[in-house]
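Asker: Let me give you the structure first, and then I'll get to my questions.
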Amino acid sequence: MRIQELIIEGFKSYASRTVITGWDPQFNAITGLNGSGKSNILDAICFLLGITNLSHVRANNLQDLVYKRGQAGITKASVTIVFNNEDRTKSPLGYEEFRTISVTRQIIIGGRNKYLINGHNAQQQNVANLFQSVQLNVNNPHFLIMQGKITQVLNMKPPEILAMIEEAAGTRMFEEKKKKARETMAKKDKKLEEISSILNEEIFPKLDKLRNQKKEFIEYQKIETELDYLKRLIIAYDFQINQERLERSDQDLQIKQQVLDQLNNKYNEFEEQKKIMEKEINEITLHREKELKTGGRFQELDEAVKEISKHLVKIKTQKDLKIDSMREEAKSLESLESNAKEVEKVISKKKHEYDMENKKLEEIKLSHQEEVKKTQKLEELLQTLTTGMAAKEGHENGYMEQLRESKKQMTVASTENEQARIKISHLNEDLKEWKPKADKAERENKNLLKEKEIIEKQLNELKNKVDNIDIDPNKERSYINQLENFKGDMSYLRDKIDRLSSQLISLNFDFTDPYPGFDRSTIKGLVAELVTIPKDKIDTSLALEITAGGRLYNVVVENEVVGADLLERGRLRKRVTILPLNKINAYSIPQNKVDKAKSIWHNKANLALSLIGYDDEVESAMRLVFGSTFICNDPSVARDLSYSNQTNVKARCVTLAGDIYDPSGTLSGGAKPTSAGILNKIQDLKELKNQLYELEEQEHNVKSEFEAYQQKLIIYKQCKKDYDLMLHQQSLLDDQLSKSSYARCKQMVMDIEKQLVEQEEIAKSSNEKLAYYKKESKRIENEMNDFANNKESKLEQMKVDLNNSKKNILKQTKIVQNYQRNVDVIQCEIDQLEQEKQSFVDQKSNINQNLEKYKLQLKEFEDLIKETETKYRKSKEELDKERKLLSQYDDQLKGLENDLNNLSKQNTEIQLAIKKIKHDLERFNNDKENSHRLIKNMLNDYPWINEQKSLFGKKNTLYDFNAHNIGESKIKLKQLEERHESLRKQINMKVMDTIDRVEKKETSLKQMFSTVKRDKSKIEETIKSLDGYKKEALEKTWEKVNVDFGSIFSELLPGNSAKLEPPEGQIITQGLEVKVCLGGVWKQSLTELSGGQRSLIALSLILSLLQFKPAPMYILDEVDAALDLSHTQNIGQLLRTRFKGSQFIVVSLKEGMFNNANVLFKAKFKDGNSTVERIAQRKRGKELGDRRRVMREKN
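In structure tokens, the structure reads:
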């Protein structure tokens, strides 16, 4: 496809219609002066091809393309190109049958952009697709080489050069399509999100709601069906029951009347028997009273027993007091012993301190005495020297006396040393003599010595064991006393508990286990036993008893099953009321009323429940008994709480005195009930049991300690026994060794070694003395010489020394006095501690005496208790005998009374039965009338009864009453009616239609979601596969272009070469760069080339790309501007010879270029309008070529 004709009208400088025809199919050149409009021809072609970047056609907007921007009366710009389409192989897709294709593009100022293909309107995209299918993509043109393209190519980076190769390979369009596909995928993702959002936020919630409504609707329909069936069943059953009741009512009435007559007869008979028994009871009672009046021995015995019992309690109390006193004394004794030990430790510590301080004092005293002696000697010497100053002999005598004394001591020390050395020599000789004898004797007695060593080792081990076992001789007696005291205390408490328990016999709840393995913890006990009254609330006990009333004796159990087991199989000895915790529905005064009462009367009114303590598990029972009553301090508060309309509490109240105020209007009170005080007694009993439990715990602990102590004592005695035995063996062995020769030799060696040590000490001491006195003699002689040479200064020096010595003595005296004072203070403290220790001893003695005294008194009390208990037992036996005599009457009375009670009970039961039968007769008559009326009404209300009553009660029918539990059916009917009514108010009757629509919408959206997702997946797969094809095509293109690039460059610049290569470390898909070889040397960069060489490189690359996949036409706009004439001519020849299959349109100002063209168009600008002249110069070009060749041959 090539340009055959170009028609321009109103476009840029072409104001009038200009038709440019006669285009050469190969090489066309356009030339003309600057501003003549030659480049506007190229702009017109680009405009028609659909260029979008108007800067490439030197315009800012479409209005700039109209002649003089529409100001010269021309408002429309039109460009038409007629393409020759005879070569069908290179035709655009869809246009193969057209010999020519005419494409027009028009723009109107203020109007729209218009495209026509072969005279028909067309979309811009259709035009773009037409040109792109023949590689004429004007928006990414490789066929269009405008001014500045050479420079642009020179400055291209590797990715941009790669883009040119891609365009040549035809993969650039794929990249654009790929980009659009990515955008389409993004839109599809957005669509997916929208669909997902609609599904999640609208459809699914709505469907969930509708499905729930559908369930309710289905349930509603189901309930309606079941409701209708149950109604019919129950109506049929009621009809059948009433029908049967009518049939048997007459017979039942007759039977009931006969039973009533029998019961009346029996009642009258029992009444006669009761009268006879009451007469017998009166007679026996008179006889018993007569017997009591004739003999008052029973009262005397009863009084005697009570008196002895009181006396016994008194004695036991006195005994308890003595035991308490003994405990106090024992505690005091323990405290004294502890204090005595502490004092002993302090005395030992003080004595040690005294010894240390006294030792220091003796050392300081000795030092002080030596200093005093030294000072006295110095003073005497000074006195002697001073008084004998005029006579020479005087001062000599003072020094001479000291010198003589010193030398004398030297002689003594020397003598002692010599004697010690002699003795040491003799002793060494003796040791040499006796040592072998001792060694020999030791070898002879080796076994005895080894045995002795073993015994000594065992003795040490046993001694350590004995010392480590802490045994106190008084501790055993202390444990025994404690256990005896515990025994007495517990016996006393048990007696009190027994006496108190006998007064609470009404609280006894005896039962046997209903079955083996019965869990007794499920029975919590009587209400009275489960209540605890705090000590500060004990004054409310009477009020609490009145509040509870008979419920104090109710038995609390875990559940109704336990209660039923007790009643049926527990063999209870009396009637009881049972409170199952799981069935109690207790009423309690509302908290707001309690708070209101508190706010008005503070602590004068308290909820009974708040005044007691109890375990959490029995809270419901406590609420039942104590939760609905206030305990009030005085009647006025109770009256206001119960009756006042102002407070509006109106609750049952009980005063501390036991008066009851009931909101119903009743008031009861007066004398205390006979059972008053039972809660106090229970609290006392609990306290006594707690005390007994504590004593038992203490006794257990003391027993454990005593047993541990006894175990330790056994170990101690065994160790002591072993130690004494071993000590005896040692003494026997020592005796045996002492009588042997070994002992004598050993003793002799030891004596010699001891004397040797003593003599060596003497020798050492005498040596030290000798050295000291030698030094002292030397000093005295030196002082004598000094004194003889300088008497006055020596005397002055001596006086100074004397004064210093006296000062030192004074200081030391004060130190001695201080130490002496400290020693005296310590001694004083020791004396005081000794006195305190002695006072402890005296106190212990007094306490021991008191304990012995208390023990004697305790023994007397125990004897007296035994004697009194014997008297009590004898008196009790006599009282029991007397009671037994009277009990004969009591037994007769009791038997008659039991029989009378039984008759009364039977009569009461008969009366109840008579009342019941009368009530049944009355009810039967009423039921008969009701049944008549009901049957009549049912037949009127439910006509279907007449049709189906023959089926009522028949098996395997809808009205098989045995197959249904009618009671449960009635309950179910009520539940279904409630549910039916509830659903009827909220049911959506149109839900079935609505949910069908929404489900269809959901299905549609899900299908759309799947389709979009599938399309997206296909696009991704296609892109992935095409990427591989793209890479393969790119590599082939690169290889072909690379060869052509080198060939064209070598033609333009012979002897040199060029190529395209990926940058170092990269691959072809990342970019390509130009490598040039000039003179056999590969250049590192294009900056090393001249401007002309670089232009040739760029032009070679462009032409190699054009040659790879030739487009139908190529447009070159002054690409030779930077080249000299020879290179321009070479390019012209190159275009003419290498690109024969494409149509070239070249704009050039150089003859070397346009002289090679087959057709030359010259543009001129005249009278503000551009014109074009066509010149066919193929023949002229040949003549010019021949002329140049002749001229070259002549030269």
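Counting in full-length UniProt numbering, the sequence shown runs from 1 upward without gaps.
Glycine residues also receive a C-beta, built at the ideal position from the N, C-alpha and C atoms.
Rounding to the nearest angstrom, what Cα-Cα distance links residue 30 and residue 1012 in this structure?
Answerer: Taking the straight line joining both Cα atoms gives about 54 Å.
Asker: What's the gap between the Cα of residue 946 and the Cα of residue 228?
Answerer: Rounded to whole angstroms, residue 946 to residue 228 spans 18 Å at the Cα level.
Asker: Distance, Cα to Cα, residue 458 vs residue 747?
Answerer: Straight-line Cα distance between these residues: approximately 25 Å.
Asker: Please report the straight-line C-alpha distance between residue 507 and residue 580, rounded to a whole angstrom.
Answerer: When rounded, the distance between both Cα atoms is 19 Å.
Asker: Over what stretch of residues does the beta strand (DSSP E) that includes residue 156 continue unbroken?
Answerer: Per DSSP, residue 156 belongs to no beta strand (DSSP E) and is neither H nor E.
Asker: Using the C-alpha atoms, what's the distance from residue 78 back to residue 19?
Answerer: Looking at the two C-alpha atoms, the distance is approximately 12 Å.
Asker: Looking at the structure shown, is residue 186 part of a helix, part of a strand, or coil, going by DSSP?
Answerer: In this structure, residue 186 counts as helix in the three-state DSSP scheme.
Asker: Which of the three DSSP states is assigned to residue 434 in this structure?
Answerer: Of the three classes helix, strand and coil, the one that applies to residue 434 here is helix, per DSSP.
Asker: Determine the direct distance from the alpha carbon of residue 796 to that of residue 392, and round the result to whole angstroms.
Answerer: Model confidence at residue 392 stands at a pLDDT of 39, short of 50, so the residue's coordinates are unreliable; what they give is reported in the following sentence. Distance between the alpha carbons of residue 392 and residue 796: 18 Å.
Asker: To which residues does DSSP link residue 1113 through a beta bridge?
Answerer: According to DSSP, residue 1113 bridges with 1143.
Asker: Just to confirm my understanding: we take residue 1164, look at its own chain, exclude 5 residues before and 5 after, and list those with CB closer than 6 Å. What are they?
Answerer: Closer than 6 Å at Cβ, skipping near neighbours: 36, 1171.
Asker: Unbroken beta strand (DSSP E) runs of length 3 or more, entirely within the segment 1056-1104: which are they?
Answerer: As far as the segment 1056-1104 is concerned, its whole beta strand (DSSP E) runs of at least 3 residues are 1057-1061, 1073-1078.
Asker: Looking at C-alpha atoms only, which residue of 846, 400, 520, 421 is the closest neighbour of residue 779?
Answerer: Nearest option by C-alpha distance: 400.
Asker: In three-state DSSP terms, what is residue 110?
Answerer: Residue state, collapsed to three classes: coil.
Asker: What would DSSP say about residue 17, mapped onto helix, strand or coil?
Answerer: Note: residue 17 maps to coil in three-state DSSP.
Asker: Beta-carbon separation of residue 1144 and residue 26 under 8 Å?
Answerer: Yes, the pair counts as a contact, with Cβ atoms nearer than the cut-off.
Asker: Have a look at residue 257 and residue 239 and give me their C-alpha separation to the nearest angstrom.
Answerer: C-alpha separation (whole angstroms): 27 Å.
Asker: Could you check the C-alpha separation between residue 537 and residue 612 for me, to the nearest Å?
Answerer: Each residue's Cα considered, the two are about 8 Å apart.
Asker: Distance, Cα to Cα, residue 531 vs residue 683?
Answerer: In a straight line, the C-alpha of residue 531 is about 9 Å away from that of residue 683.
Asker: Taking Cβ to Cβ, would you say residue 805 is nearer than 8 Å to residue 374?
Answerer: Cβ atoms of residue 805 and residue 374: closer than 8 Å.
Asker: Should residue 141 be labelled buried (16 or more other beta-carbon atoms within 10 Å of its own) or exposed?
Answerer: It counts as buried.
Asker: Is the segment 656-665 in contact with the segment 551-570, if contact means three or more CB pairs nearer than 8 Å?
Answerer: The segment 656-665 vs the segment 551-570: no contact.
Asker: Give the C-beta separation of residue 75 and residue 101 to the nearest angstrom, bearing in mind that I take them to be a contact with Cβ-Cβ under 8 Å.
Answerer: Contact flag wrong, Cβ pair sits at about 28 Å.
Asker: Taking just the CA atoms, how far does residue 59 sit from residue 1049?
Answerer: Their Cα atoms are separated by approximately 35 Å.
Asker: According to DSSP, is residue 744 part of a helix, a strand, or is it coil?
Answerer: Three-state DSSP puts residue 744 in a helix.
Asker: Write down the C-beta distance between residue 554 and residue 577 rounded to the nearest angstrom, noting that I regard them as a contact closer than 8 Å.
Answerer: 5 Å between Cβ atoms; contact.
Asker: As a quick exercise: from 346, 867, 1080, 822, pick the residue whose alpha carbon is nearest that of residue 833.
Answerer: Of the listed residues, the one whose Cα sits closest to residue 833 is 346.
Asker: I need the straight-line Cα distance from residue 353 to residue 837, nearest angstrom please.
Answerer: Near 18 Å, if we compare the C-alpha coordinates of residue 837 and residue 353.
Asker: Taking the CB atoms as reference points, tell me whether residue 548 and residue 625 lie closer together than 8 Å.
Answerer: The answer is yes: Cβ separation under 8 Å.
Asker: What's the gap between the Cα of residue 1148 and the Cα of residue 1091?
Answerer: Residue 1148 and residue 1091: Cα-Cα distance of roughly 19 Å.
Asker: If I'm right that residue 57 touches residue 43 with Cβ under 8 Å, what's the distance once you round it to whole angstroms?
Answerer: Between residue 43 and residue 57 the Cβ distance is about 4 Å, and since that is below 8 Å, they are a contact.
Asker: For the alpha helix (DSSP H) containing residue 47, list its first residue and its last residue.
Answerer: It spans 38-49 - the alpha helix (DSSP H) in which residue 47 sits, taken as one unbroken run.
Asker: Please determine, among 598, 920, 271, 411, the residue with the shortest C-alpha to C-alpha distance to residue 777.
Answerer: When only C-alpha atoms are compared, the closest one is 411.
Asker: Any chance you could list the beta strand (DSSP E) runs of at least 3 consecutive residues sitting entirely within the segment 770-823, in chain order?
Answerer: If we require 3 residues or more, the segment 770-823 turns out to have no beta strand (DSSP E) run fully inside it.
Asker: How big is the Cα-Cα spacing for residue 712 and residue 718?
Answerer: One C-alpha to the other measures close to 10 Å.
Asker: Short check: CB of residue 266 to CB of residue 910, under 8 Å?
Answerer: Result yes, Cβ atoms of residue 266 and residue 910 sit closer than 8 Å.
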